[in-house]
Every structure is written in C-alpha cells, then in structure tokens.
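Chemist: Residue numbers (my numbering): 46 to 599. Cβ coordinates follow ideal geometry from the N, Cα and C atoms, glycine included.
Structural data, given as structure tokens:
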C-alpha cells in the first residue's frame, strides 16, 4: 500500500474511533462524578484512609487533600526505590541513588514520568508495579479530580463547595481508569505484549553476543501508562520496544489510549454544566490544533531535505522502522500534546522544524487535548482568557457560562499561564549558564540548545518525553528537573482550585443579547487564536534560538 494512503487511513481510523467513544465515555464520566452512591470497594478505601466521601470541601480543603496525598506518594515512592534491593522480586538490582530516586518520585507523582534511568536494568518488579504503576493510576486520577472541581465551579452557584477530593480520586481510579486499563491490557496481551513476573532471560544472539531480556508486567503498565497520559515505559526504548508495542495494531491502540480520555472530558464538561455545545466548542479547539500539528510534522518529516532522506522516502533516522514515517509522526504529536511522554521514536532525530512543532505542542500548556484532567482545566483557563480579551474588544464585562470574569478571576488565570513559562525559561537559562548544562548536551549549536530547552519544557509541562541525546542523569538535572515537575504540576492546581471556588460562590448572570456566544465556531476560532498568540509571544525567542534556527539553516 502507498505509505501516504496508509497514513491517511490510520489517522481517519483514529479520529473515527475517538468520535465513536466521545459521547458514551464522556457521559459515563459525568455520571461517575455526579453519582451520590458509593461502591462497596470504595467504602472500604474510605474507611482505610479515614475519609468521609460525602463531606463537601471548599477549595482550600480540596487543595490540602491534593497536596497531602501527593506528598505521601513522593515519600513512599522515594523510599521504595531506596530499599528495593531488600524486597522480594528485586532481580538483583541495586538501590536507586538519592538524586535519581527523588527525580523519579517527583516524576511519577506529578504525572510526568520522565525517566533518567533504563527501567529494565534499574527497577525491580516491586518498584515497577507497587510503585510506578500505582502512581500511573492515582496521579491521573488527581488531575481528573481537579478538572472536575473546576467544572463544578462553573456549574454551581452561591456556594464555595467543590465536592470531595477523596471521593473524586477514588471514583476516578476505581470506576474509570482501572476498568479501561484492564480492557486495554487484555488487548495488548492479545497483540503480543508480555505480562509476567519471571526472571531475567540470558540468550545468545545470531552474532554470538550475550543479551539479557527482562520480563515484567508490561501490558498492564503499558495500558495505564498511555490511558493516564503518564508515559513511563517499562523499558528504556519505551513504545519502540516490541515487548511494549508488538505490532501496528498495538501502535494504533496506544495512540488511541493517549487521546481517548482528554478528548472525551469536554463532553463530561458540557454534560455537567448543562450545555453540550460548550463541550463541543472546547473539543473542537483541541482537535483543530492537534490535527494541524499532525499534518505539519508528517509533511516536514516526509519533505526533510537530503539525498538519504529522499531515497528513503522520508527522514527515517530514529523513527519506528516497523510502522513508517507517518505512524511515528502521529505518535510523536499525540504524545507531546497530551502530556504523556510515551514515544515510539527518538524525537532528537526529528528535523529542526518538526522538533519545534513538538516543542510548541508542550509549550501550549498541554491542552490540545492535554493530560488526563489537566488538559481540560488548562483549556478552560484559556477560554477565560479568550472571553476576557473579547470583553475588552467590545467594552463589556466578560462572562463565561453565566459567571462574571472579574479582577480576581483574571488574576488567577494570569498566574496560571505564567507559571510554566517561568519554569521553562528560567530553568533553561540557568542550565545553559552552568557547566552541568553544557556537558549534558551531545550536540552543539542550535540543536544542543533545543535539547536543554526540550528537557525543561517537558518537565515543567509534566510531559516526560525527551530529546534522546540529552544526558540528564546527573545530580544537577535530577534535582532541577524534579523541582520543575513538582512546581509545574501543583502550583497551577492552586490557582485552578482558587478560581473554581471563586466561580462557585457567584450568582449566575442571566444571558442577554450582548452575551458572547461561547458555543459558536467564532469563539472556537478566538480560543485557538488566543492559545497560539499567547504561546508565540512567550516562547518565540527561545524557539528562534533552537529549532527555528536549526530548521532554517538545514
């Protein structure tokens, strides 16, 4: 089959599958978070942690629950890595060093899943399953809980109550993530992914060399790694490893898993606020930017200059040879725009301009469609900014979903969108000014700068992917990137929950002839433009020094 035709059919099948599940999954998630009943398993969890799931929380209490739960997760995962050699199923692996253990704990609790280690030669079965895989579930559930709290802020009035964090956390895990992950894991096993707790296998290759093959509960971790937009692979090669991603069907399934919850949550949002059209406007903005990036990266990779690239039909260095240029491009765009970090090709090998598109996907704030939960609340923040801009243009007090966007609301939204750029740009500047930063680069010039910029962009946006040529396993980068992950994850949540509380306290404003129709295509276009302009103004100088300079000079 013609490669271009195969790529078109693949994207068409993916969009069709996402459209097919958008309504039922979105409605189901809305029902889960609106239900007053508790399952028996959920009641047992509540009793074990001493939580009252029916107690309503104002935003400070909700935030305390998020921070306390996450802090305990960091401490537990750090300790587990430090003593893994003394636990069963250790596979003979040594304890993880303190700086790397902190980096990994911060990474998985913040839903970043950045890996400065090779999983198959570093992490024991217990660490992988009881530590990393568990955080894959609960970190995603935390993001979904915060998103639902913000949605309740729009849906409720004359109250500061945003629901109960413990109830939202448990329901998101038990009723949504676990069932979907079980189904996905079974399909992955049927496709050929491995799932066991065996010992390391030592084999002799065709060339006579010795090689160690690590087993593990790979399919189950692969399922939630993608479904929860986590990205931490069982193996260093991530989804390019045949044990994690055996064939073309599993590759397409994994891309589907990356996108399915983020693209379905806008339907949940529309259902909970009582206007499905509002959800359609949000998902349309997400889809337009995602699809545009897929087209851009695929075209740039096929058209990459050079004799070798032209003879190969595309720039195949570092790409997934089994699936081709289009599948590698589709996977790379989907993973950088969903805060996942799961990869089936080396982003370091992409052309300068397409690498810039991948960077831009993260710099947008992981909102197109973004992470599990974080994509929705990030997009709603941008919707508030867009409404505010529209209000300035017509001289009218901005409103969104019947709530006035006043001084307090716009300050909170502005603080939210400033956090990540500050972490990225300050972190990159600091690394480039220190010997540790320069020594980590395996390339010089614009591409070397892009490696450092990509690392801090990935960490601060809780993505987790990397330009593969970047040497990040040093005390400086383990610490600096770990701090960026934590600050980039939890500082924005402070402003999101504070905003949700202020919206929930308001009395709804009746709609008039002058009210901006935020469910119309015109607003979707304004929202897309706002996202691109704000990001462009913030990051264009840094992009000009890295991927743009590299792409224009090639």
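Is the CB-CB distance between residue 217 and residue 189 below 9 Å?
Modeler: Against the chain shown, residue 217 aligns to sequence position 172. Against the chain shown, residue 189 aligns to sequence position 144. Yes.
Chemist: Would you mind reading off the limits of the beta strand (DSSP E) that contains residue 327?
Modeler: Locating residue 327 in the chain shown gives position 282, where the first residue counts as 1. It is not in any beta strand (DSSP E) - residue 327 instead sits in the alpha helix (DSSP H) that spans 321-347.
Chemist: Measuring straight from C-alpha to C-alpha, what distance separates residue 396 and residue 267?
Modeler: Within the chain shown, residue 396 is the residue found at index 351, counting from 1. Within the chain shown, residue 267 is the residue found at index 222, counting from 1. Answer to the nearest angstrom: the Cα atoms are 28 Å apart.
Chemist: Tell whether a beta-carbon distance below 9 Å holds between residue 48 and residue 293.
Modeler: Stepping through the chain shown from its first residue, residue 48 is reached at position 3. Stepping through the chain shown from its first residue, residue 293 is reached at position 248. Not a contact, by the Cβ cut-off of 9 Å.
Chemist: Residue range of the beta strand (DSSP E) that residue 247 falls in?
Modeler: As a working mapping, residue 247 is identified with position 202 in the chain shown. For residue 247, the uninterrupted beta strand (DSSP E) run begins and ends at 246-249, by DSSP.
Chemist: Helix or strand or just coil, what does DSSP make of residue 256?
Modeler: Residue 256 sits at position 211 when you count from the first residue of the chain shown. Residue state, collapsed to three classes: strand.
Chemist: Starting from the C-beta of residue 431, find all residues in its chain whose C-beta is less than 6 Å away, skip the five residues before and the five after it, and write them out in chain order.
Modeler: The residue labelled residue 431 in the question sits at position 386 within the chain shown. 571, 572, 575.
Chemist: Determine contact between the region 187-207 and the region 119-137, defined as no fewer than three beta-carbon pairs at a distance below 8 Å.
Modeler: no
Chemist: Going by C-alpha distance, which of 443, 125, 413 is nearest residue 326?
Modeler: Translated into positions along the chain shown, residue 326 becomes position 281. That would be 413, whose Cα lies nearest to the Cα of residue 326.
Chemist: If you draw a straight line from the C-alpha of residue 345 to the C-alpha of residue 374, how long is it?
Modeler: The residue labelled residue 345 in the question sits at position 300 within the chain shown. The residue labelled residue 374 in the question sits at position 329 within the chain shown. Spanning the two alpha carbons is a distance of roughly 10 Å.
Chemist: Do residue 171 and the ligand NAP come close, with the Cβ less than 8 Å from some heavy atom?
Modeler: Only the bare structure without any ligand can be found here, which leaves the ligand NAP out of the picture.
Chemist: How many whole angstroms separate the CB atoms of residue 392 and residue 589, which I take to be in contact at a CB cut-off of 8 Å?
Modeler: Taking the chain shown and counting its residues from 1, the one referred to as residue 392 is at position 347. Taking the chain shown and counting its residues from 1, the one referred to as residue 589 is at position 544. Between residue 589 and residue 392 the Cβ distance is about 19 Å, and since that is not below 8 Å, they are no contact.
Chemist: List in chain order: all unbroken beta strand (DSSP E) runs of 3+ residues lying wholly within the region 152-179.
Modeler: As far as the region 152-179 is concerned, it has no whole beta strand (DSSP E) run of at least 3 residues.
Chemist: Classify residue 123 as helix, strand or coil using the three-state DSSP reduction.
Modeler: By 1-based counting over the chain shown, the position of residue 123 is 78. Residue state, collapsed to three classes: helix.
Chemist: In whole angstroms, what is the alpha-carbon distance linking residue 79 and residue 587?
Modeler: For the purposes of this step, residue 79 is identified with residue 34 of the chain shown, where counting begins at 1. For the purposes of this step, residue 587 is identified with residue 542 of the chain shown, where counting begins at 1. Going from the Cα of residue 79 to the Cα of residue 587 covers about 43 Å.
Chemist: Using a Cβ distance threshold of 8 Å, determine whether the region 477-486 contacts the region 517-525, with at least three qualifying pairs required.
Modeler: yes
Chemist: Excluding the 5 residues flanking residue 167 on each side, which residues of the same chain have their C-beta closer than 8 Å to its C-beta?
Modeler: Against the chain shown, residue 167 aligns to sequence position 122. Beyond the five residues adjoining it in sequence on each side, residue 167 comes within less than 8 Å, by CB distance, of 138, 141 in the same chain, given in chain order.
Chemist: Go to residue 224, then tell me how far its alpha helix (DSSP H) extends in each direction, as first and last residue.
Modeler: By one-based count along the chain shown, residue 224 stands at place 179. For residue 224, the enclosing alpha helix (DSSP H) begins and ends at 223-236.
Chemist: Would you check if the distance between the CB atom of residue 197 and the CB atom of residue 428 is smaller than 9 Å?
Modeler: Reading the chain shown from its first residue, position 152 is the one you call residue 197. Reading the chain shown from its first residue, position 383 is the one you call residue 428. Using a Cβ distance threshold of 9 Å, residue 197 and residue 428 do not count as a contacting pair.
Chemist: Could you check what DSSP says for residue 206 in three-state terms: helix, strand or coil?
Modeler: If you number the chain shown from 1, residue 206 lands on position 161. Residue 206 falls in the strand class under three-state DSSP.
Chemist: Whole angstroms are fine: how far does the CA of residue 132 sit from the CA of residue 331?
Modeler: Sequence index remark: in the chain shown, residue 331 carries index 286 (1-based). Sequence index remark: in the chain shown, residue 132 carries index 87 (1-based). About 44 Å.
Chemist: Is it right to say residue 61 is buried, meaning 16 or more other beta carbons lie within 10 angstroms of its own, or is it exposed?
Modeler: Here residue 61 corresponds to residue number 16 of the chain shown, with the count starting at 1. So residue 61 ends up on the exposed side.
Chemist: Do the region 243-251 and the region 141-161 touch if we need at least three Cβ pairs shorter than 8 Å?
Modeler: no
Chemist: Starting from residue 315, trace the alpha helix (DSSP H) both ways and give me its first and last residue.
Modeler: As a first step, residue 315 is located in the chain shown; it is residue number 270 there, counting from the start. Unbroken alpha helix (DSSP H) run through residue 315: 293-318.
Chemist: Please state the DSSP three-state secondary structure of residue 103.
Modeler: Your numbering for residue 103 matches position 58 in the chain shown. Three-state DSSP puts residue 103 in a strand.
Chemist: For a test of the three-state rule: what should DSSP assign to residue 279, helix, strand or coil?
Modeler: Numbered from 1 along the chain shown, position 234 holds the residue referred to as residue 279. Coil at residue 279, not helix or strand.
Chemist: Check the Cβ-Cβ distances between residue 108 and every residue of chain B, and say whether any is below 9 Å.
Modeler: This model lacks chain B altogether, as it is built from one protein chain only.
Chemist: Exposed or buried, residue 128, counting other C-beta atoms within 10 Å across all chains shown (16 or more means buried)?
Modeler: One-based indexing of the chain shown puts residue 128 at position 83. Classification of residue 128: exposed, given that the 10 Å Cβ count is below 16.
Chemist: Tell me residue 564's beta-bridge partners as DSSP assigns them.
Modeler: Here residue 564 refers to the residue found at position 519 of the chain shown. Answer is none; residue 564 lacks a bridge partner.
Chemist: Within its chain, find whatever has a CB closer than 8 Å to the CB of residue 77; leave out the 5 residues flanking it on each side and keep chain order.
Modeler: Position 32 of the chain shown, counted from the first residue, corresponds to residue 77. So the list reads 216, 217, 220, 221, once near-sequence residues are dropped.
Chemist: So, is residue 585 buried or exposed, given that buried needs 16 or more other C-beta atoms within 10 angstroms?
Modeler: Here residue 585 refers to the residue found at position 540 when the chain shown is read from its first residue. Exposed.
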